[in-house]
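**Q** Heads up: the sequence shown runs through residues 1 to 351, numbered per full-length UniProt numbering. This is the structure I want to talk about, given as structure tokens.
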Amino acid sequence: MNEPPNPLHVPELLHNCIHPLRDSPSDLAACALVARSWVYPAQSHLFREVLRLTPHLIPYVRRLGIDILIHPDDVFSDVISLPFTHLVEISTIITLSNTSALAMQQLISLPTLSRVRITCYSAVSSAFQQIWDRSSPSIRSLHLDFQNHPETFEPVPHQCVAPINLEALYIWYMPDLVAGWLQHETCPFKFSNLKVLSVGQNLEILRWNSFASARQKIEALELEVSQDAEFIDLSLFPRLTFLRILATLRNSEASSKLIKIISTIPPSNNLREVVIYGVVEEESVCSELDSALIPLLLHPSATVELAWARLEPLFPQLGSRGMLRLTNWEEAWITKYEGMLVPSTRRAWAA
1 MNEPPNPLHV
11 PELLHNCIHP
21 LRDSPSDLAA
31 CALVARSWVY
41 PAQSHLFREV
51 LRLTPHLIPY
61 VRRLGIDILI
71 HPDDVFSDVI
81 SLPFTHLVEI
91 STIITLSNTS
101 ALAMQQLISL
111 PTLSRVRITC
121 YSAVSSAFQQ
131 IWDRSSPSIR
141 SLHLDFQNHP
151 ETFEPVPHQC
161 VAPINLEALY
171 IWYMPDLVAG
181 WLQHETCPFK
191 FSNLKVLSVG
201 QNLEILRWNS
211 FASARQKIEA
221 LELEVSQDAE
231 FIDLSLFPRL
241 TFLRILATLR
251 NSEASSKLIK
261 IISTIPPSNN
271 LREVVIYGVV
281 EEESVCSELD
291 SALIPLLLHP
301 SATVELAWAR
311 LEPLFPQLGS
321 RGMLRLTNWE
331 EAWITKYEGM
341 LVPSTRRAWA
351 A
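Following this line, the structure appears as structure tokens:
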């Protein structure tokens, strides 16, 4: 019989338990030795002191993650002010104000930076635009995630920077602030060289003039298909190699939409991998998907990955040809596809 989960291995509880020890390096060091699951929450508080007392370690830092909801403001300010020389990736959870924007601007301007991931719980429009004023020209991957509804977009004066050619863009939830910024001249990024795109239901992005040439180069695409999602013609992506679909199939209308979208894949295609995960309440769609995908996956190593073991028998044709795989949909597909398609970000994954 399986043992019940240990509450002291739950990350959120660990952070709350260890946080009161943040000013005691000896206690934090002891906590880091308790168990593997204790290492990160303890060392995240030690990080500031370690780098302050041993500045010779700073050139070895390649990836930086800061959660302002866990770390106090002084930790955030202290860490950002460190003289990073080889930082290639930053990942931050933040509430953007005009004050925190100045600190973020300093990080995003680092010339070695190639990947930026920002999870924002609230944002002032002017602050959001401010952080990009001195963006590093080496940025190739941008991941924006908004947890709350921020302000609408209102352009503010900005410093002009040379256009930055993104190769990977992830926007699963796109509020008005981000939509307006992406289409405005204040946005320093250009999208004509995109190879990896994750948009959820934000398929209107692909109709924007700034994304017209991107459709010809995108090789990895992630989108959401549901009853309310827009229709998308996959034949517009001649280089599409990896397709990942979050399918929310709660009724026949949603299932029919998914089949129609799949059917737009042309017979002559480059598909190597199709991943389907999400909610399937209309199991009858499985046999239709099985029949629709078989003639389209022509590459000898092409596979279809599913997140539901219980549905595997409902794909007999794919199964009989050895093309069916089970996948852990929670695994970051970014690591896999971006690592293959965007060479300039490989330093971040190797760090």
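For each residue, glycine too, the CB sits at the ideal point set by N, CA and C.
Using the Cα positions of D78 and A220, report the straight-line distance between them to the nearest angstrom.
**A** Roughly 37 Å separates the two Cα atoms.
**Q** Which same chain residues end up closer than 7 Å to S213 when comparing Cβ atoms and leaving out the 5 residues on each side of it in sequence?
**A** Only S192 meet the Cβ criterion.
**Q** Is it a yes or a no for the segment 272-279 touching the segment 243-252, going by three-plus beta-carbon pairs under 8 Å?
**A** Segments in contact, yes.
**Q** Please report the residue range of the beta strand (DSSP E) in which G65 lies.
**A** Run containing G65: R63 to D67, per the beta strand (DSSP E) assignment.
**Q** If you drop the 5 nearest sequence neighbours on each side, which residues of the same chain put their C-beta closer than 8 Å to that of I232?
**A** Same-chain partners within the cutoff: L203, L206, L223, I261 and T264.
**Q** Have a look at the DSSP bridge pairing and note the partners of R215.
**A** Beta-bridge pairing links R215 to no other residue.
**Q** Which word fits P188, buried or exposed, when buried means at least 16 other C-beta atoms lie within 10 angstroms of its C-beta?
**A** Classification for P188: buried.
**Q** Please report the residue range of the beta strand (DSSP E) in which L96 lies.
**A** Note, L96: beta strand (DSSP E), E89 to L96.
**Q** Roughly how many angstroms lie between the CA atoms of L314 and E282, to the nearest whole one?
**A** Each residue's Cα considered, the two are about 12 Å apart.
**Q** Kindly list the residues whose CB is nearer than 6 Å to the CB of M1, restricted to its own chain and excluding five residues on each side of it in sequence; keep chain order.
**A** Confidence at M1 is low in this model, with a pLDDT of 43, below 50, so its placement is unreliable and no value can be given for it.
**Q** Relative to the alpha-carbon of H158, which residue among M174, Y170, F128 and P300 has its alpha-carbon at the smallest distance?
**A** It is F128 whose Cα lies nearest to the Cα of H158.
**Q** Which residue from N98, F146, A162 and V196 puts its Cα closest to that of A179?
**A** With distances taken between Cα atoms, A179 lies closest to F146.
**Q** Mapping DSSP to helix, strand and coil, what is S100?
**A** The answer is helix: DSSP assigns S100 an H, G or I state.
**Q** Excluding five sequence neighbours on each side, which residues of the same chain lie with their C-beta closer than 7 Å to the C-beta of E288?
**A** Once the five neighbours on either side are set aside, the close Cβ partners of E288 are I259.
**Q** My parser needs the alpha helix (DSSP H) runs of 4 or more residues fully inside the segment 150-233; what are they?
**A** 176-182, all fully within the segment 150-233.
**Q** Rounded to whole angstroms, what's the CA-CA distance from K257 to C286? Just pull it up for me.
**A** Their backbone Cα atoms lie some 13 Å apart in a straight line.
**Q** What residues are listed by DSSP as bridge partners for D145?
**A** Paired residue(s): T119.
**Q** Under 8 Å, do L234 and L197 count as touching if we go by C-beta distance?
**A** No, the pair does not count as a contact, with Cβ atoms beyond the cut-off.
**Q** With residue 357 as the anchor, note down where its alpha helix (DSSP H) starts and where it stops.
**A** Nothing about residue 357 can be reported from this structure: the residues present for the chain run from 1 to 351 only.
**Q** Out of curiosity, what's the CA-to-CA distance linking V199 and R134?
**A** If you take the alpha carbons of V199 and R134, they lie about 26 Å apart.
**Q** May I ask you to report which of helix, strand or coil DSSP gives residue 440?
**A** For the chain, the structure presents residues 1 to 351; residue 440 sits outside this window and is missing.
**Q** Within the continuous beta strand (DSSP E) that includes E273, where are the two ends?
**A** Where E273 is concerned, the enclosing beta strand (DSSP E) stretches over E273 to V280.
**Q** On the three-state DSSP scale, how would you describe I245?
**A** It is a strand residue.
**Q** Cα separation between H19 and W208?
**A** Computed Cα separation, rounded: 45 Å.
**Q** Comparing alpha-carbon positions, which option in A30, S24 and A42 lies nearest H15?
**A** The residue with the shortest Cα to Cα distance from H15 is A42.
**Q** Going by beta-carbon coordinates alone, are V124 and E151 separated by less than 8 Å?
**A** Closer than 8 Å, so yes.
**Q** For G65 and P155, I'd like the C-alpha separation in whole angstroms.
**A** Roughly 29 Å separates the two Cα atoms.
**Q** If you draw a straight line from the alpha carbon of E312 to that of L341, how long is it in whole angstroms?
**A** Taking the straight line joining both Cα atoms gives about 29 Å.
**Q** Can you grab the Cα-Cα spacing for the pair R250 / E230, in whole Å?
**A** So the alpha carbons of these two residues sit roughly 16 Å apart.
**Q** List the endpoints of the continuous alpha helix (DSSP H) containing A292.
**A** Counting along the chain, the alpha helix (DSSP H) containing A292 begins and ends at V285 to L293.
**Q** For A309 versus G278, is the C-beta distance shorter than 8 Å?
**A** Contact: no.
**Q** When you compare only the Cα positions, how much space is there between A254 and L87?
**A** Rounded to the nearest angstrom, the two C-alpha atoms are 43 Å apart.
**Q** Rounding to the nearest angstrom, what Cα-Cα distance links L297 and L326 in this structure?
**A** In a straight line, the C-alpha of L297 is about 17 Å away from that of L326.
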